[in-house]
Amino acid sequence: MFEFSAMVEGLKNIATKTESTQEVYKIEKIKEWDQKDIEMEKLPLEDQWKYKVEYMNPLEQELQNANDAERYMSDDIGLNEKTREFSDPTYIDEIRAKNENVDQVLTRQEESLKTNNSDLNYQRVDEQLERYKGTVFEHQLKDTLKDHFDKVEDKQQVVQVEWGETKPDVILRGSLDDIKIGELEINKGEDLFIEAKCGSSDYIRNEMGHMLKQVEGHDGNSLVVVTKDYLDINPDVRAEFEKKLAEKNSSVYVVDVTATDVSIGLTNSLRL
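Printed below as a string of structure tokens:
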């Protein structure tokens with residue numbers, strides 16, 4: 002497992018040694034804000050966060066990224082490293098070969114482009130793939146985790162909850178060993194339920210309410226697995242979401258790939 006804590010400690014040491022440089026930078030940053038006549042407290046939280054990130058000292062940004070990586074992206078089964086392949090057309094081809102439905106969907110898009118290569122049709126196919134990338138993402142998670150569990154549920158299971166019913170995206174039965182994914186510790190023999198989201202930061206934020214409902218159908222160990230776009234969401238918004246998730250005995254794990262990466266890989270995997 003990657004030693005995130007060592008990396009964070011190293012960055013903290015660098016930050017201490019460059020304290021005077023940091024102070025000069027902060028003064029200049031404040032001057033820039035004043036010159037732009039921006040009243041930060043009047044901006045929406047998300048805009049405040051984006052503005053602060055834009056003017057963040059590169060060292061501060063690197064330290065923040067390291068802290069986020071340690072918190073959201075650590076595991077002891079090599080999962081995060083494997084998720085970097087989710088945008089690789091070769092790996093997408095492997096998923097396609099193992100899943101008839103995925104192959105059928107991609108084949109239809111290929112045949113459509115071969116018979117009509119107009120810009121308008123390319124746009125239509127691109128929109129179709131955008132809508133389908135979440136399904137591919139779920140198959141990738143199943144494929145990546147299958148060797149650590151006794152069984153992967155191939156068909157979605159309907160779970161009755163207080164407000165109706167839900168269908169968990171990924172269900173893995175019987176962990177073969179004690180493992181840790183993010184903050185979640187899974188004991189040998191236990192199951193894992195996953196709610197998966199592959200999309201932009203705005204999309205993930207808009208889906209937070211839906212995800213909070215979905216995890217109510219998770220019987221036991223529960224994870225919300227999202228693309229790296231999640232880290233672009235305001236930390237206060239993330240903290241509130243994670244607090245509500247914790248109340249439902251669930252937590253967040255972030256894979257090391259963005260939704261755009263998956264989209265590009267999916268397009269490049271087409272056999273034209």
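Take the sequence shown: its position 207, counting from 1, is numbered 208 in this note's numbering, and each next residue is one higher. Backbone N, C-alpha and C fix where the C-beta goes; we use that ideal spot for every residue, glycine too. Values in this document were obtained by computation on a predicted structure and should not be read as measured data.
Option in the options with minimal Cα separation from residue i
i    : options                   : result
E196 : D237, K245 and V226       : V226
V191 : D220, R125, I265 and V126 : The question names Val, but residue 191 is Glu in the sequence shown. Minimum Cα distance to E191 is reached at D220.
D237 : R206, G200 and L267       : R206
E163 : K189, Y133, G218 and N118 : G218
A177 : G183, G135, I265 and K189 : The sequence shown places Leu at residue 177, rather than the Ala named in the question. Of the listed residues, the one whose Cα sits closest to L177 is K189.
Exposed unless 16 or more other CB atoms sit within 10 angstroms - verdict on residue i
i    : result
T91  : exposed
R174 : exposed
N222 : buried
A240 : exposed
S202 : buried
K229 : buried
S119 : exposed
D170 : buried
N235 : buried
G183 : buried
Separation of residue j from residue i, as counted between CA atoms
i    : j    : result
K115 : K99  : 24 Å
I172 : H149 : 12 Å
F138 : C199 : 7 Å
Y231 : V263 : 15 Å
L246 : V255 : 15 Å
E128 : A260 : 14 Å
K83  : I96  : 14 Å
G266 : D104 : 15 Å
L273 : K249 : 46 Å
E111 : G165 : 38 Å
Cβ separation of residue i and residue j, assumed to be a contact under 8 Å, to the nearest whole Å
i    : j    : result
N102 : S113 : Their Cβ separation, rounded to whole angstroms, is 17 Å, which puts N102 and S113 out of contact at 8 Å.
Review point. If you pair each beta-carbon of the segment 85-100 with each one of the segment 128-144, do three or more pairs fall below 8 Å?
Key: With three or more CB-CB distances shorter than 8 Å, the segment 85-100 counts as touching the segment 128-144.
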